[in-house]
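In my numbering, the protein residues as written are 1259 to 1830.
Structure below.
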């Protein structure tokens, strides 16, 4: 899932009024105090939690969302057949139980009695059939539609067939898979497979709009089935969620209001946190990181994810440099070697992240009882990498080692969303490339615009980030199939290229159908090798997840996939 790295440094003073929280404006014109935030031990209002995770979400329709921030909102307002508990383990949610056939291909879920939508309507297995078929449909064209390739009837042209069937009374849902899928139950806890209310969705549809506007604002059409329902949404400012009294587990929800601050400015959020206007913040400004680490309210979780950059395979840049496809690959390899990853971690990340020497993150399971990572795709010796980069550039006629200079002007553009943390990383890369004379300009866009520009392939070189949706390497690999909505480098989308991306597509198909888990793991290694051999994917570091939460708040938890769950929070 796309990770939005939010602002780390605020250089201009600003003020932000917390409308939803009813709090005073918080001035952010401050620098590090050198002292940890004062620890508050009590809070008068035991029913309201004031939180900040990011800026305006691109989507809160669970079928359309592909970002971590939107996913966090989804898991607190919708719920699937399964969910994750505080220990990070799967447990039944809308389903009270399930059975798996001996061959592992058929799952039969028994739904809980008395399930309701937030508007009081009954919810049963038929709602899941509708929702999964909607999410898989070509009309909706969801980025995550490739997840449906686990179903034998699914095609991109026609969507999902009768592999998902509800019983006549709506009590059971039967799901048929095309092959054994080790992570299928994880998908049942993933937002793409959450139910949506058919009546509300279709009431908001119009000619030419198969998605509907139901999730664009708070209102009667926003119907959900999770712990909280959206009550108000002041775009680019704040959201308010209130307890869904029709949630099946409502008795365990004691915090009845979630006030969500929306801003890209981490310093503004941090200031609101230190003044007591926020109880939870999902990131920390870089200039406050060392101070925050001394606080008892500082938390860091492991993540399964990689911060990286990508090249557009089909950009005109290579033609402008006079490079054929093989030479373009060598050029991209050189750029990858020029990036000083440890410097980025030390000066921007500042949270002991690990240099990423592979795309699939360290710690990821291989699906066969072991860890997947078994190699480094380049050295962590930066000085040696720079020398190798110069040799690579010389091999394609772009560098003269005798004069230690480029043989021609090289200019390219780095696309990033405009949060200052990402911009700072872009500036680090800019300085690294400048050491050999390459001119890198940085193009900044608002988060929502940036996502669409990148998805359309309108870039040379861009920042990327991915937190795994489930702990299986295929999650990192399948998003780069030709038909994937997350295939930002545009692999396989230009038939004039020599790149044989049908081979990669077939690798992913073979992985999905391979029942031998050892053989499956080997196929995934081959797929990562094939992907990395393009040098369009440039890993920088493996994510971890720092946040701050007031000591008087208990029960908030996160997963290695980056989700945060607030519905079991208590305020002491």
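Backbone N, C-alpha and C fix where the C-beta goes; we use that ideal spot for every residue, glycine too.
None of these values were measured; they are calculated from a predicted model.
| query | Under 7 Å between the Cβ atoms of residue 1432 and residue 1438? | reply | On the chain shown, residue 1432 is found 174 positions in, with the first residue counted as 1. On the chain shown, residue 1438 is found 180 positions in, with the first residue counted as 1. Contact flag unset, no.
| Taking DSSP as the reference, what is the three-state secondary structure of residue 1569? | Here residue 1569 refers to the residue found at position 311 of the chain shown. The answer is strand: DSSP assigns residue 1569 an E or B state.
| field | Burial state of residue 1554 (16 or more Cβ within 10 Å) | value | As a first step, residue 1554 is located in the chain shown; it is residue number 296 there, counting from the start. By the neighbour-count definition (other C-beta atoms within 10 Å, threshold 16), residue 1554 is an exposed residue.
| task | Excluding the 5 residues preceding and the 5 following residue 1745 in the sequence, name in chain order all residues of the same chain whose CB lies nearer than 8 Å to its CB. | result | Locating residue 1745 in the chain shown gives position 487, where the first residue counts as 1. Contacts found: 1737, 1738, 1739 and 1751.
| Residues near residue 1624 by beta carbon distance below 6 Å, same chain, minus five either side | To locate residue 1624, count along the chain shown from 1; it is residue 366. Result list for residue 1624: 1630 and 1779, in chain order.
| message | In the DSSP output, what is residue 1803 paired with across the bridge? | response | Taking the first residue of the chain shown as 1, we reach residue 1803 at position 545. When beta bridges are read from the DSSP output, residue 1803 appears opposite 1559.
| task | Please go through the same chain and pick out, in chain order, the residues whose beta-carbon is closer than 8 Å to the beta-carbon of residue 1314, but skip the five residues on each side of it. | result | For the purposes of this step, residue 1314 is identified with residue 56 of the chain shown, where counting begins at 1. 1493, 1494, 1520, 1705 and 1706, listed in sequence order.
| query | Rounded C-beta distance between residue 1572 and residue 1709? I'm assuming under 8 Å. | reply | Here the question's residue 1572 lines up with position 314 in the chain shown. Here the question's residue 1709 lines up with position 451 in the chain shown. Cβ-Cβ separation between residue 1572 and residue 1709: approximately 19 Å, too far for a contact (criterion under 8 Å).
| Roughly how many whole angstroms lie between the Cα atoms of residue 1717 and residue 1788? | Residue mapping note: residue 1717 aligns to position 459 of the chain shown, counting from 1. Residue mapping note: residue 1788 aligns to position 530 of the chain shown, counting from 1. Taking the straight line joining both Cα atoms gives about 22 Å.
| Can you check whether the CB of residue 1724 is closer than 7 Å to the CB of residue 1615? | Here residue 1615 is taken as the residue at index 357 of the chain shown, counted from 1. Here residue 1724 is taken as the residue at index 466 of the chain shown, counted from 1. No, Cβ-Cβ distance for residue 1615 and residue 1724 is not below 7 Å.
| message | Suppose you measure from the CA of residue 1813 to the CA of residue 1501; what does that come to, to the nearest Å? | response | Taking the chain shown and counting its residues from 1, the one referred to as residue 1813 is at position 555. Taking the chain shown and counting its residues from 1, the one referred to as residue 1501 is at position 243. When rounded, the separation of the alpha-carbon atoms in residue 1813 and residue 1501 is 16 Å.
| If you compare alpha carbons, which of 1471, 1410 and 1427 is closest to residue 1383? | Here the question's residue 1383 lines up with position 125 in the chain shown. Selected option, being the one with the closest Cα: 1427.
| said: Taking only three categories from DSSP, how would you classify residue 1892? | reply: Outside the displayed span of the chain (1259 to 1830) sits residue 1892, for which this structure offers no information.
| Nearest chain C C-beta to residue 1704 closer than 7 Å, yes or no? | In the displayed structure, chain C is absent; only one protein chain is listed.
| request: List the residues that DSSP assigns as beta-bridge partners of residue 1769. | output: Stepping through the chain shown from its first residue, residue 1769 is reached at position 511. Per DSSP, none; premise fails for residue 1769.
| query | Would you report the Cα separation of residue 1601 and residue 1544, rounded to the nearest angstrom? | reply | Stepping through the chain shown from its first residue, residue 1601 is reached at position 343. Stepping through the chain shown from its first residue, residue 1544 is reached at position 286. Rounded to whole angstroms, residue 1601 to residue 1544 spans 14 Å at the Cα level.
| query | Taking C-alpha atoms, which residue in 1511, 1759, 1561 and 1699 lies nearest to residue 1326? | reply | By one-based count along the chain shown, residue 1326 stands at place 68. Comparing Cα-Cα distances from residue 1326 to each of 1511, 1759, 1561 and 1699, the minimum goes to 1561.
| query | Is the CB-CB distance between residue 1567 and residue 1721 below 7 Å? | reply | Translated into positions along the chain shown, residue 1567 becomes position 309. Translated into positions along the chain shown, residue 1721 becomes position 463. Taking 7 Å as the Cβ cut-off, residue 1567 and residue 1721 qualify as a contacting pair.
| field | C-alpha gap between residue 1664 and residue 1677, whole angstroms | value | Within the chain shown, residue 1664 is the residue found at index 406, counting from 1. Within the chain shown, residue 1677 is the residue found at index 419, counting from 1. Those two C-alpha atoms are separated by around 32 Å.
| Where do the ends of the alpha helix (DSSP H) carrying residue 1390 lie? | What you label residue 1390 is simply residue 132 of the chain shown in a count that begins at 1. From DSSP, the alpha helix (DSSP H) with residue 1390 extends over 1383–1394.
| query | For the segment 1761–1776 against the segment 1584–1595, are there 3 or more C-beta pairs whose distance is under 8 Å? | reply | Touching, no.
| task | Could you tell me the distance, in whole angstroms, from the CA atom of residue 1279 to the CA atom of residue 1756? | result | Within the chain shown, the letter at position 21 stands for residue 1279. Within the chain shown, the letter at position 498 stands for residue 1756. For residue 1279, the predicted model reports a pLDDT of 33, less than 50, meaning its position is unreliable and no value from the coordinates is stated.
| Assuming residue 1337 contacts residue 1484 under a Cβ cut-off of 8 Å, what Cβ separation, rounded to an integer in Å, is found between them? | The count along the chain shown starts at 1 and reaches residue 1337 at position 79. The count along the chain shown starts at 1 and reaches residue 1484 at position 226. Correct: roughly 5 Å between the Cβ atoms.
| task | Determine the DSSP secondary structure at residue 1719, reduced to helix, strand or coil. | result | Within the chain shown, residue 1719 is the residue found at index 461, counting from 1. Strand.
| task | Using 10 angstroms around the beta-carbon of residue 1659, count the other beta-carbons present and answer buried if the total reaches 16, otherwise exposed. | result | Numbered from 1 along the chain shown, position 401 holds the residue referred to as residue 1659. So residue 1659 ends up on the exposed side.
| said: Using only CA atoms, which one of 1528, 1480 and 1570 lies nearest to residue 1714? | reply: Residue mapping note: residue 1714 aligns to position 456 of the chain shown, counting from 1. For the residues 1528, 1480 and 1570, the minimum Cα distance to residue 1714 belongs to 1570.
| said: Just to confirm my understanding: we take residue 1603, look at its own chain, exclude 5 residues before and 5 after, and list those with CB closer than 6 Å. What are they? | reply: Position 345 of the chain shown, counted from the first residue, corresponds to residue 1603. Within its own chain, the residues whose Cβ lies closer than 6 Å to the Cβ of residue 1603, once the five positions on either side in sequence are excluded, are 1611 and 1799, listed in chain order.
| query | Tell me which same chain residues have a C-beta within less than 7 Å of the C-beta of residue 1609, skipping the five on either side of it? | reply | Counting from 1 along the chain shown, the entry for residue 1609 is found at position 351. Within the same chain, residue 1609 has close Cβ partners 1547, 1558, 1802 and 1804.
| Exposure label - residue 1510; buried when at least 16 CB within 10 Å | Looking up residue 1510 in the chain shown gives position 252. Exposed: under 16 other Cβ atoms inside 10 Å.
| When 1793, 1830, 1819 and 1829 are compared against residue 1333, the one with the closest alpha-carbon | By 1-based counting over the chain shown, the position of residue 1333 is 75. Per the Cα distances, 1819.
| message | Among 1666, 1685 and 1668, whose alpha-carbon lies nearest the alpha-carbon of residue 1222? | response | Any question about residue 1222 goes unanswered here, given that the chain covers just 1259 to 1830.
| Any idea if residue 1316 is buried or exposed, counting beta-carbon neighbours within 10 angstroms, 16 or more meaning buried? | Stepping through the chain shown from its first residue, residue 1316 is reached at position 58. Its Cβ being crowded by 16 or more others within 10 Å, residue 1316 is buried.
| request: Evaluate residue 1496 with the Cβ neighbour count: other Cβ atoms within 10 Å of its Cβ, from every protein chain shown; 16 or more gives buried, anything less gives exposed. | output: As a first step, residue 1496 must be located in the chain shown, where it is residue number 238. A residue is called buried when at least 16 other Cβ atoms come within 10 angstroms of its Cβ; residue 1496 meets this threshold and is buried.
| query | Secondary structure at residue 1354, three-state DSSP: helix, strand or coil? | reply | For the purposes of this step, residue 1354 is taken as the residue at position 96 of the chain shown. Residue 1354: strand per DSSP, three-state reduction.
| request: State the Cα-Cα distance for the pair residue 1320 and residue 1486, rounded to the nearest angstrom. | output: Here residue 1320 is taken as the residue at index 62 of the chain shown, counted from 1. Here residue 1486 is taken as the residue at index 228 of the chain shown, counted from 1. The straight-line gap separating the alpha-carbon atoms of residue 1320 and residue 1486 is approximately 14 Å.
| request: For residue 1811, write down the residues that DSSP places opposite it in a beta bridge. | output: For the purposes of this step, residue 1811 is identified with residue 553 of the chain shown, where counting begins at 1. Paired residue(s): 1829.
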